[in-house]
Amino acid sequence: MRYHWNWGIFFELSPDGTYAYWQLLLFGAGWTLATALSAWLIALVFGSLVGVMRTTPSPWLVRIGNAYVELFRNIPLLVQMFLWYFVLPEVMPEAIGDWLKQLNNASFYNAVICLGLYTSARVAEQVKAGILSLRGGQRMAGLAIGLTLPQTYRYVLLPMAFRIILPPLASEFLNIIKNSSVALTIGLIELTAAARSMSEFSFQVFEAFTGATLIYIVINIVVVNGMQMLERRVAVPGFIGTAKPVAGH
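Read in this note's numbering, the sequence shown has 384 at position 138, and its numbers run on one by one without any break.
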């Protein structure tokens, strides 16, 4: 069986007669970015809090933080997505469950929460590693000059720790963009779902997913370059490999 290539399919109208297929892919990319960015905010906030909890002197805070990480890290993302979308409304009180089922863009909100919490466990690991990589004298110096422990984290430890973990955080952001494709399983028409819809209606499978692949590549290149610029901007000269190499060595 020979495959009939048709790259002009992108300019043909989709079955609803409103948008061309290239517009359908761009709309999907918009939902992908909205989902990823919203989930990233949740991941960064909760991940930072949990990461800090796991480095405090309080054993109870450490245990709670460890339990949080193990819970969200060890359950597959697809299972978590189904739990949030299909199971949560059924176990909530009837009025709340009915409201969740009838909520506009419910698949988007569920995908954002699921991706955010799932990724926050990974961010928490990065934040913990960044804080523990600092010399213990920095914490003691902060406390010695009269800062409280929360102030020491805010003004001394976290600013330096985030500089160290910027590269792995960039990787996590790329992961959250790619993981957003799982949301198609709960009905969110993000980029992968849009490509799948295009292939099913037009039977141009290769063209549809080639277009989606190129959009993913462009988005990821922009993110990588943006994170590299941020890393250079916030770098502290002479700290954690930011010093320029000496000529002849």
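Beta carbons are placed, not taken as given, at the ideal position from N, Cα and C, and that holds for glycine. All of these numbers come straight from a predicted model, not from anything done at the bench.
For serine 445, the enclosing alpha helix (DSSP H) starts and ends at 437–448. Cβ contact annotation for proline 261 (same chain, cutoff 8 angstroms, sequence separation greater than five): Phe447, in chain order.
Looking at the DSSP output, leucine 259 sits in a beta bridge with Ala266.
DSSP places leucine 283 in the helix class (H, G or I) of the three-state scheme. Around the Cβ of phenylalanine 354, a 10 Å sphere holds 16 or more other Cβ atoms; the residue is buried. In its chain, beyond the 5 residues on either side, Gly362 have a beta carbon closer than 6 angstroms to the beta carbon of isoleucine 288. When DSSP states are grouped into helix, strand and coil, proline 405 belongs to the helix group.
Excluding five sequence positions before and after leucine 323, the CB atoms of its chain that fall closer than 8 angstroms to its own CB belong to Cys360, Leu361, Tyr364, Asn425 and Val428, given in chain order.
Assignment of methionine 327 by DSSP, reduced to helix, strand and coil, places it in the helix class. Secondary structure note for threonine 459: its alpha helix (DSSP H) is the uninterrupted segment 451–480. With a contact defined as Cβ atoms closer than 8 angstroms, methionine 444 and leucine 270 qualify at about 6 angstroms. Leaving aside the five residues that flank alanine 367 on each side, the residues in its chain whose CB is nearer than 6 angstroms to its CB run, in chain order, Val315, Phe318 and Arg319.
Between threonine 281 and leucine 434 a beta carbon distance of about 7 angstroms is seen, short of the 8 angstroms cut, so the two are scored as contacting. Under the three-state reduction of DSSP, tryptophan 277 is assigned to helix. Within a 10 Å sphere around the beta-carbon of isoleucine 422 sit 16 or more other beta-carbons, which makes this residue buried. Across the structure, leucine 430 and isoleucine 411 are spaced so that their CA atoms are roughly 30 angstroms apart. One Cα belongs to leucine 380, the other to proline 483, and the distance between them is close to 16 angstroms. Three or more Cβ pairs drawn from the stretch 368–388 and the stretch 293–301 lie within less than 8 angstroms of each other, which places the two stretches in contact. DSSP, read as helix, strand or coil, puts tryptophan 251 in coil.
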